[in-house]
Amino acid sequence: MRSTDTIDRIVIIGGGISGLSSAFYLQREAERQGREIAITVVEGAPAFGGKINTLQRDGFVIEKGPDSFLARKQAIIDLAKELGLEGELTATNPAAKKTYILFRKKLYPMPPGLVLGVPTEIMPFAKTGLLSWGGKLRALMDLVLPARPANGDESLGGFMERRVGTEVMRRIAEPLLAGIYAGDLKKLSLKATFPQFAESERKHGSLIRGMQSNRKATAAATTATAKGGTFLTFKRGLSTLVEALVNALKRGGVELRSGVLTERIEKRDDRYDVVLASGETLSADRIVVTTPAYAAADLLENLAEVGELRGVRYVSVANVVMAFDKETFGLDFDGSGFVVPRSEGLHITACTWTSSKWLHSSPKDKVLLRCYVGHSEDQESVKLPDDELIAAVRRDIRETMGIAAEPLFTEITRLNQSMPQYPVGHVERMNDLRHRLSEKAPGIWVTGAAFDGVGLPDCIRQGKEAAKHILG
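Right, here's the structure in full:
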């Protein structure tokens, strides 16, 4: 039996999907290396899972946080398999493939072949009523415009405008892409958000040609599980993944502590003390910090300069979920929902026709809608009192879809300071920060949504990378 002095004691601060994934893959990596480790996960909220929060109510499966993930991103598929959850995965309704964009208060179907706002099929794009002929011709100039020499980062909006023009950027790309980050495309880093766009320009001399090539490659590589849908979720909701992770960690002997705030980290020779708000201290050889950037900065600023973390701005958003009786609803959906350009002047930024998109989410005689509110240039809507927020959302859906039916119930979720905004130069800044921490605070690794992707698969991938780094 090894002495307890030879056990690596690892504290993970943050019990969202990044922290839980880090713990899971630390267990796996330690087993692979034949090392003995002791892991403690400390989470300030009452429950684990971070923004993932599935509500089961009256036969509905309601996601109060994220509702799905990109099927092409393999990290979450791999984790589901490792947890024995592959049979729980479900794709979007194949009969609800259409997505719409609101333009001048009218819903236009997105042209077939549109990938992340980039046209990959020319004829459907040419026929859309979303753009003027001038806007369409400007977009197609991407096929002949020279590629810009690779010379560092630029804004996502600036890149899109440079390649496909202002109309496509504002009317199509912004509502589609900004919805992922709730941000302003002109302020978001291209390299940190959609590096494949820059790679398309470099490799193919054209964004359109590059995305055509990427689309074919993605289709060929898509797993059997993901066939039939761009997005996946779990039949009983995304909390299925959190529950399985928590159970797996408990079986592996990981200490899980929720409702426990971390106050600071102190260096003690070659080890660290993680000081909790209760006054308790946890001794650690290595630490993984997965909190939002502003919270990580508070914990680390006495160990190293962390200005890069302070430079990551966060945006608050909310979602309003409404359930209806189908009999009185008065509308049938032929798609999965619509997105809203900011020029439309609405409170909502998108509306998912949830019961149409996800057949498991609602009883057959009911309808479920989910509306999104708030972005980087509108933080006031998120702060509205509940009754005013509901009234504003109902006005928007009445104006856009003619829905006047009374909801059976409404669920509001406010996700304050939840969406990190990656500024231009973000990737280089985070690399500089990690390099500095490796010198000033060796054994501490920072990761999570503030670094390299906000989606669930990105956070899981980063958790796996954290495990390899910590035990490397």
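Numbering (our numbering), first residue to last: 18 to 489.
A virtual CB, placed ideally from N, CA and C, is assigned to each residue, including glycine.
Since Trp3 sits in a beta bridge, which residues does DSSP pair it with? A question about residue 3 goes unanswered here, because the residues of the chain that appear run from 18 up to 489.
Any C-beta of chain B under 8 Å from that of Phe41: Given the protein chain composition of this structure (a single chain), no chain B is represented.
Nearest residue (CA-CA) to Ala199, options Ala367, Arg411, Val28, Ala421: Minimum Cα distance to Ala199 is reached at Ala367.
As assigned by DSSP and simplified to three states, the class of Ile69: coil
What is the DSSP secondary structure of Arg288, counted as helix, strand or coil? strand
Since Ile34 and Gly66 should fall inside the 8 Å C-beta cutoff, what is the C-beta to C-beta distance between them, to a whole number of angstroms? 7 Å
Do you know offhand how far Pro128's Cα is from Gly146's? Roughly 10 Å separates the two Cα atoms.
Taking Ala483 as the reference, which of Lys457, Pro440, Arg451 has the closest Cα? Arg451
Per DSSP, the bridge partner or partners of Asp25: Ile54
Would you mind working out which of Gly480, Phe86, Gly76 sits nearest Ile304, comparing C-alpha positions? Gly480
Sort Ser85, Ala195, Ala261 by Cα distance to Ala97 and report the nearest one. Ala261
Per-residue DSSP class, three states only, for Ser85: coil
Since I believe Glu46 is in contact with Leu488 (beta carbons under 8 Å), could you give me their beta-carbon distance rounded to a whole number of angstroms? 5 Å
Buried or exposed for Lys381, please, with buried defined as at least 16 other CB atoms from any protein chain shown within 10 angstroms of its CB. exposed
For Asp491: DSSP bridge partner residues: Coverage of the chain is limited to positions 18 through 489, which leaves residue 491 absent and any answer about it impossible.
Given a cut-off of 8 Å, decide if Val59 and Val323 are closer than it, judged by their beta-carbon atoms. no
CB-CB under 6 Å to Thr345, same chain, minus the five flanking residues each way: which ones, in chain order? Ala422
Under 8 Å between C-beta atoms of Cys388 and Asn336: Yes, the Cβ-Cβ distance between Cys388 and Asn336 is below 8 Å.
Using DSSP's beta-bridge definition, name the partner residues of Gly489. Gly489 is not bridged to any residue.
Collapsed DSSP secondary structure at Val259 in the structure displayed: helix
Let's see if you can read the secondary structure: which residues bound the beta strand (DSSP E) around Met436? 426 to 438
Three-state secondary structure (DSSP) of Val329: coil
Assign Arg504 to buried or exposed, taking buried as 16 or more other Cβ atoms, counted over all protein chains shown, within 10 Å of its Cβ. Shown here, the chain extends from 18 to 489; a query on residue 504 therefore has no answer.
Residue burial classification, Pro309 (beta-carbon count within 10 angstroms, cutoff 16): buried
Based on Cα-Cα distance, which residue from Ala62, Thr183, Gly470 lies nearest to Leu207? Of the listed residues, the one whose Cα sits closest to Leu207 is Gly470.
Under a Cβ-count criterion, where at least 16 other Cβ atoms within 10 Å of its own Cβ denotes burial, should Ser295 be classed as buried or exposed? exposed
Within 8 Å, do at least three Cβ pairs link the stretch 356 to 373 to the stretch 390 to 404? yes
Where Ser378 falls: helix, strand or coil (DSSP): helix
Cα separation between Pro263 and Glu99? According to the sequence provided, residue 263 is Val. The question's Pro does not apply to it. Roughly 13 Å separates the two Cα atoms.
Can you check DSSP and say which residues form a bridge with Phe176? In DSSP, Phe176 forms no bridge with anything.
Is Met526 helix, strand or coil when you go by DSSP? One cannot answer for residue 526 here, as it falls past the ends of the chain, which runs 18 to 489.
Between the beta-carbon of Gly362 and the beta-carbon of Lys114, is there less than 8 Å? In terms of Cβ geometry, Gly362 and Lys114 do not form a close pair [threshold 8 Å].
As assigned by DSSP and simplified to three states, the class of Thr345: helix
Minimum C-alpha distance to Ser372 - residue among Pro212, Leu348, Ser360: Ranking the options by Cα distance to Ser372, first place goes to Leu348.
Exposed or buried, Ile24, counting other C-beta atoms within 10 Å across all chains shown (16 or more means buried)? Ile24 counts as exposed, since fewer than 16 other C-beta atoms from the protein chains shown sit within 10 angstroms of its C-beta.
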